[in-house]
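Protein chains in written order, with my numbering: chain A, 1 to 630; chain B, 1 to 514; chain C, 1 to 344. Take a look at the structure below.
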Amino acid sequence: MTAQTTAEATASAKSPILDVTDLGVNFWVSDEWWMAAEGLTYTVNAGEVLAIVGESGSGKSQSSMSLLGLLPSNGRATGSAKLGDTELIGLPQERMQHIRGNDISVIFQEPMTALNPVYTAGFQIVETLRVHMNMGPKEAKERALELMRLVEIPDPEERFHSFPHQLSGGQRQRIMIAQALACQPKLLIADEPTTALDVTVQAEILKLMRELKSKLDAGIILITHDMGVVADMADRIIVMRAGKVVESGTADEIFYNPQHPYTKQLLEAVPHLGTEIEGEAFGADLGDVEVALHDLEEAEADESAGDDLAAGSLADDDAEATPASTGEADHPQIEMDSTETYYHPGSQADFSKPSALQLRDVAIEYPALGRKKAFRAAHHINLSIAPGEVVGLVGESGSGKTTIGRAALGLLPTVEGDMLVGGKSIKGLSNKQLRPLRKEVGIVFQDPGSSLNPRLPVGESIGEPLYLHEGMKGPALNKKVEELLHAVELPTTMRNRYPHELSGGQRQRIGIARALSLRPKLLIADEPTSALDVSVQAKVLDLFESLQALYGFACLFISHDLAVVERIASRIAVMRHGYLVEIGQSSQVVANPVHPYTQRLLSAVPVPDPKEQRKRREARDAVLEATMDA
Amino acid sequence: MIKFILRRLLSTVLVLLVVTFVLYLLLNVALDFFWDLRSSTSPNIEALYESRIRLLDLETPAIVRYFKWLAGASGCLVGQCDLGIAWKSGQEVTYLLQGAIVNTIKLITASTIVAIILGIAVGMVSAIRQYSGFDYFITFVSFLLYSLPVFWVAVLLKQYGAIEINNFINDPTLTSWWPIIIACIAMGLFWMGALGGGKKRRIITFLAATLVTFGTIYYILASGWLQQPTIGVVGVVLIGVGAAIVMTFLSTGLKNKRVLYASLTIAVIGALLYMPLQYLFYYQEMNWLWMLGLFIVTIGVAIGVGLAFRGPDPWDTARTTVFTAVIIAVTIFADRVLQGWSEYSSSPAINNRPIATIGASAPNVNGDFWITNLDTFTHLLLPSIALVLISFASYTRYTRGSMLEVMGQDYIRTARAKGLNERTVIMRHALRNALLPLASIIPVDIITMIGGAVITETIFGWNGMGKLFIDSMRQSELDPIMAYILITGILAIIANLVADFLYAVLDPRIRVNA
Amino acid sequence: MSIDNKNQDTETGLDPVGENAIETKETEGLSQGKIVFRKFIRHKGAMAGLIVLILVTIFAYTAQGIGPIPGWWIFNHTASGPVVNPGGAPTWTLSNFFSPGEHPFGQDEIGRDNFARVMKGTQISIMVMVIIGVVALIIGTIVGALAGYYRGWVDSVLMRITDGFIILPVIVVGAILGKLVSGTGGAMLGLVLGAILWTGLARLVRGDFLSLREREFVDSARVAGASDFRIMFKHMLPNAMGVIIVNTTLLMSQAIVLEASLSFLGFGIAPPDISLGQLISEYQTSFATRPWLFWWPGFFIIIIALCVNFIGDGLRDAFDPRMKTIPSWRKMKKAERMAKKGDK
């Protein structure tokens, strides 16, 4: 705490870089000015991270874009924002162009779309350099390579000539960061810099940004909705809601002593990894990690006796760490690339017991289409879900978790092994043969905006399965639909509305009502809350839990968010590159992960608590370091 | 990539075969091979029918005849073309095709290039000035062009673009100044809308454009330029300097003095070479090979000058100088062609009515390289305008849509956030991406052009493929029709291949993946 | 019920800000169809086009009557009469503000009334256009939907068929088919031209179905137990309506010009039937002497095609969800002045 206050003191002693007073943003829509943000007043100091937190539509992004004059053509900024002596609001284009990328630069959310697809990564960095600095192409290339090394891109010489689509998501974001840092800006605006990334990649980028923050003396405005990221990075925090600042203060003040009810509500809504288990989640401190690392190291050593340098250097670290560890060394030692499933005690799939869903050594393929070859997205999956049980399926994008959900619905073919729903095999069934079985399984999709037919009133969407399977019509159907709406806590008048008129949370409730309309024995929930704001997510999860208790369906809950899964599921299965790598009780997996990938995943999750996160950070960095090449 | 192209080639060739087969059978039903005999009162009518049946081999079933035709046509692959005969005139189809293909390609190439350049430029500006008066005007004009029947425009063009202008050239008296004043103000408004900007800048643009247009028209009328059109060394210098400035502005911005000076150097070289070139043209009989050679030399000189100016980006400079040099070269070429104007215009075959309404070349004009070219150009003028009008609209609309889409993309915001100026954002980041999808409409448009050529060629008496097709349809000559279908199909396939190739070159995502 | 209210408060009760909220505000309480309708009637060009097109259609059909029912115009398109003005020039004058005279559009060399002929031609041209539109709509939608939904070999076969149509200019195939059915009247011509103009629509519908197919609501319907037929026509088709309606409209503007061109070349409507293109063809040589015979039919072709184009443009904007009403630069300036006044 004392270190924190001194850091605060030194930070505030520095001259402020950006001074914002009474900043407002308005949009001209349908002959009216709409307020997107108003009354923002804050300063950003050198070497300090100011986080602007808020849910979608809170105006956090627009207000920051107005600093650079990058509002859409119907936007307008008022008030004052001073960068040193320069007033940014109302600055003419010509002069603004000198400031953009030079004094203030931006890291955007989606690196895939934020980089121009037809130019190489190197060119885009060089371009920024050459606009603002009097530099020749050779010199600029040298500097760009230097920047690429700074943001830790492997093989910068080669990547320099890569096009954005040839890079991974993390690498693209690194290029974006390199580009933003090119001219050593005084102020860096990071607009949801990690939202589009997988959690382990997010961890890497956060680590990088922390390192850079200490190296460069720039002020950073971090715009995000993720409290975990805020806890990891921020020195000071502004909480925004509906265009207004509701609270501001240092990170500790906001997290440990929130004043405004909205801030409190927001903090409560955030799922917190490790709250559902006794003891702490994996990666809470360095101790855990060192044990794990030791295991990993040994595994590698077993495999090939010290063949690479990275392992060698790790061994040194471990030599000191091992004696201190409490030693849960009874785990089998697993390599990062191992595709074997590790079953925690009691989770071995037992196919003799009755189950809602069974996967017996299943492989799933996306069928060949035209010239595209068939793609196998899941291999050798053994999984059994007991009636009434909720199993969480976790993995990063491309891990094949959604594939399994779709195959369980018969939307993708099972090509090997056998898939049983409610005891009946669905392998190789045609759409028609599957129809009677459809009653047994419901699904809630990720994007509630896309999973409801935009041309049908939601009541009709909810009633469709009833109409198709039970031939229910007229008043009987209406009554049933009303019951379902009531069950998901929506007013019955919503029946006649269209999906686009509802909020995200309401749409997802409709999705759940539809999935439950036939009282299925199994529900596949495919990232049901990942498109929702935190506070809405919390409510939907509450609803989900109470419905699960009421109806008693079994559920395969697919998510990338470990904290959410931990809260909902009794068992967790972890997937990587199409293989199931670990499965066990939630507490087992969260507290004592065995597979290095699970460890990496767990340590990467930021928790919305600065102090805890500070401890976790070290652990995280160590794990990242060790599993970098994996 | 090659595998992909081969696969596509194979499938389209198969499709073409099926199309020719189906159309062959349909044509056998649709065409009346005895139309000229129906009203005949000849006593030996029976015998005439008999001989026609024998001539066209009508007793053989159509399917068999198709394969006979196909066998003859596939002879083209080994250099022994047999595409049948046009029975009415008795000429071999291969003979008929020779001139026709060249003429059609001439017409279509000229129009396509003009339409693409104009369409992209106007569409781009229209997108940048979205919802401005200019944008609405262009939208209206392109809808109007979509709605214009090309044959109707062609008749109007003949009347007002050729007959009246020829009259005016012969008797240049103005009945009223109003049309000219209106035209000047329209030009003023056009440029004001296109360049946009603040109130003051708009007024300046408007006045400047109006006055420049008026000055130009006044000069043209007062100096009798229409009777004796020339460019001359003054014109070459003016155009050269203008091109240098505009090209520099578009490629790197006028702030880059090095590029500006390099392009201006090219303009000066162009002006200095003007006289020596005239001597060369005078003493040496020219042909297209010479022209190609000179063109290559021009490009070489331009690259040389560009590189000689060194600087950090020699190739940016070279690119600008090359564009400038090409414009100057074309100007000098046009100047030399125009020098033959009076000789051409006063030749008896032309009789002082230089703008042609019929045919691809005037009969009995025997001149050197320059006169023949002038003759071709005067004949190309009207049919090309008619064709350009058809496809200009679609390029404009397409570019506009594509540009608007791209301008809303995240990477444009990134480019702005980097501190690039608007010119760089648009020319470097937006345009390149906006042009990608255009590669896929070019072949479609070329096929439309070939279709449009059917009408324009018929109306302007341009001896191309389209006219051949229509004439043969009217005369029920099956073989030339089939040849037309075959060749148009092959052109379409080639256009598609070129588009695929272009796409692959322009879009790194495809280049790498395929 | 109290729970319900609470939910509403926390989920939508936030003051709407930003762009999402703006959309929500604009579309509150409306079905998709109503939104499209509202956007459409706000599109000035489209509304003008629609009104003019309706007027022209009514005018043409009432003037010359339909089938045996006589119209209000005294002359019909075949009867010749005495030539009133020298050369048959139009008789309308501006005396007494405006008086149409006996032959407002003039007469041809044998004294037939040009107005009657143009109206009759307009009738036929509009009819052919509508038939082409309907035929192309039906074939294009079905082929596109099947290809996009089933993909695989169905798609390959159907797309190769459209390739076959696309490889040649429409006018060439149209001329051959037109020749085949020449003399059988406008309806037949419309049918065969419709049968070759559907390919563009089919490709677009296919594209739309391909992307709709990946939308979750389609999976959602399948999981609910819907059959392929139901998924295609109940769930996907309504969502592809935008593409279908817009492109059918644009296709119709293409169709009327195509019919005119074919008739002009002599492979479309042939005498004694008349259409606008056929009229121009018949009178093209008299342009120098009787320009009115040439101007009026051309003018009506352009009016009809232009109206249809504007309607198509309006529909496109109305159906495009990305289409947001971004105010023009001038409007923004005005709005900013307003805001400044408000501040003071």
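We put the beta carbon where it would ideally sit given N, CA and C, even for glycine. From a predicted model like this one, the values you see are computed outputs, not experimental measurements.
Opening and closing residue of the alpha helix (DSSP H) in which residue i lies
i: C:V143; result: N114 to Y150
i: B:D471; result: M465 to Q475
i: C:D219; result: E216 to V223
i: A:F351; result: Here A:F351 belongs to no alpha helix (DSSP H), and DSSP marks it neither H nor E.
i: B:L25; result: I2 to A30
Terminal residues of the beta strand (DSSP E) in which residue i lies
i: A:H98; result: First-last for A:H98: Q93 to I99, but that is the alpha helix (DSSP H), not the beta strand (DSSP E).
i: A:A77; result: G75 to L83
i: B:T396; result: Looking at the DSSP string, B:T396 is not in any beta strand (DSSP E); the run it does join, the alpha helix (DSSP H), is F369 to M407.
i: A:E335; result: Neither: A:E335 is in no beta strand (DSSP E) and is coded neither H nor E.
i: A:I404; result: Counting along the chain, A:I404 falls outside any beta strand (DSSP E), though it belongs to the alpha helix (DSSP H) covering K401 to A408.
i: A:Q358; result: L357 to Y366
i: A:Q585; result: Y579 to Q585
Chain A residues whose Cβ lies nearer than 9 angstroms to that of residue i
i: C:A339; result: N26, W28, W33, R76 and T78
Chain B contact residues for residue i, given Cβ-Cβ distances below 8 angstroms
i: C:G298; result: P149 and W152
Option nearest residue i by Cα separation, candidates the options
i: B:Y283; options: B:L221, B:D368, B:S346 and B:A302; result: B:D368
i: A:K432; options: A:N453, A:M419, A:G442 and A:L468; result: A:L468
i: B:I180; options: B:L211, B:C76, B:V505 and B:I203; result: B:L211
i: B:R432; options: B:R413, B:M449, B:T399 and B:L420; result: B:T399
i: B:Y484; options: B:V64, B:F21 and B:I101; result: B:I101
i: A:L434; options: C:L237, C:K331 and C:G225; result: C:G225
i: B:M449; options: B:H429, B:W69, B:A492 and B:V233; result: B:A492
i: B:L374; options: B:R353, B:G408, B:L338 and B:P348; result: B:L338
i: A:S546; options: A:H344, A:P436, A:A487 and A:S586; result: A:A487
i: A:A622; options: A:P608, A:P596, A:P610 and A:D609; result: A:P596
i: A:T403; options: A:E527, A:V151 and A:E618; result: A:E527
Interface partners of residue i on chain C, CB under 8 angstroms
i: A:L369; result: R151 and G152
i: B:R474; result: G266
i: B:I470; result: A175 and L265
Amino acids of chain C, ordered along the chain, whose beta-carbon sits closer than 7 angstroms to that of residue i
i: B:V13; result: In chain order: nothing, as chain C lies at least about 10 angstroms away.
Closer than 7 angstroms at the beta carbon, the chain A residues around residue i
i: B:Y411; result: T113, A114, L115 and N116
i: C:E336; result: R76
Under 9 angstroms from the C-beta of residue i: neighbouring residues of chain B
i: C:D358; result: This structure cannot settle anything about residue 358 of chain C, because the visible part of chain C is limited to 1 through 344.
Check: When the Cβ atoms of the stretch 214-225 of chain A are set against those of the stretch 188-195 of chain A, are three or more pairs found closer than 8 angstroms?
Finding: Three or more beta-carbon pairs separated by less than 8 angstroms link the stretch 214-225 of chain A to the stretch 188-195 of chain A, which places the two stretches in contact.
Check: What residues in the stretch 443-456 of chain A have a beta carbon less than 7 angstroms from any beta carbon of chain C?
Finding: Correct list: I443, F445, D447, S450, S451, L452, N453, P454 and R455.
Notebook entry, point to check: At a Cβ cut of 8 angstroms, what residues of the stretch 204-222 of chain C count as close to chain A, listed as they run along the chain?
Noted result: Residues passing the 8 angstroms Cβ filter: R215, E216, F217, D219, S220, A221 and R222.
Note to self: Output needed in chain order: residues of the stretch 111-123 of chain A with a Cβ under 7 angstroms from some Cβ in chain B.
What the structure shows: If the cut-off is 7 angstroms between Cβ atoms, the stretch 111-123 of chain A has T113, A114, L115, N116, P117 and V118 near chain B.
Check: Is it a yes or a no for the stretch 547-556 of chain A touching the stretch 511-528 of chain A, going by three-plus beta-carbon pairs under 8 angstroms?
Finding: Because the criterion of three Cβ pairs below 8 angstroms is met, the stretch 547-556 of chain A and the stretch 511-528 of chain A touch.
Notebook entry, point to check: Going along the stretch 301-335 of chain B in order, which residues come within less than 9 angstroms of chain A, judged by CB to CB distance?
Noted result: Within the stretch 301-335 of chain B, G311, P312 and D313 place their CB atoms closer than 9 angstroms to a CB of chain A, listed in sequence order.
Next item on the list: Could you tell me whether the stretch 238-256 of chain C touches the stretch 307-314 of chain C, using the rule of 3 or more Cβ pairs below 8 angstroms?
Entry: Three or more beta-carbon pairs drawn from the stretch 238-256 of chain C and the stretch 307-314 of chain C are found closer than 8 angstroms, and the two stretches are therefore classed as touching.
Notebook entry, point to check: Using 8 angstroms as the Cβ pair cut-off and three pairs as the minimum, do the stretch 525-540 of chain A and the stretch 492-509 of chain A touch?
Noted result: Touching, yes, given that three or more Cβ pairs across the two stretches are closer than 8 angstroms.
Item checked: Three or more C-beta pairs below 8 angstroms linking the stretch 81-90 of chain C and the stretch 125-134 of chain C -> Result no; under three Cβ-Cβ pairs closer than 8 angstroms.
Check: Between the stretch 86-98 of chain A and chain B, which residues of the former have CB atoms less than 7 angstroms from a CB of the latter, in chain order?
Finding: So the list reads Q97 and H98, given in the order they occur along the chain.
Check: What residues in the stretch 486-510 of chain B bring their beta carbon closer than 8 angstroms to a beta carbon of chain C?
Finding: The residues in question are T488, G489, A492 and I493.
Next item on the list: Mind the definition here: the stretch 478-494 of chain A touches the stretch 453-464 of chain A only if three or more C-beta pairs lie below 8 angstroms; say whether that holds.
Entry: When Cβ pairs closer than 8 angstroms are counted between the two stretches, the stretch 478-494 of chain A is seen to touch the stretch 453-464 of chain A, the count reaching three or more.
Next item on the list: Select from the stretch 413-442 of chain B all residues with a C-beta closer than 9 angstroms to any C-beta belonging to chain A, and list them in chain order.
Entry: Against chain A - using a Cβ distance shorter than 9 angstroms - the residues of the stretch 413-442 of chain B are R413, T414, A415, R416, A417, K418, G419, L420, N421, E422, T424, R428, H429, R432, N433 and L436.
Notebook entry, point to check: Using 8 angstroms as the threshold, is the stretch 327-336 of chain B in touch with the stretch 239-250 of chain B, meaning 3 or more CB pairs across them?
Noted result: As far as the Cβ criterion goes, the stretch 327-336 of chain B touches the stretch 239-250 of chain B, which means the pair count is three or higher.
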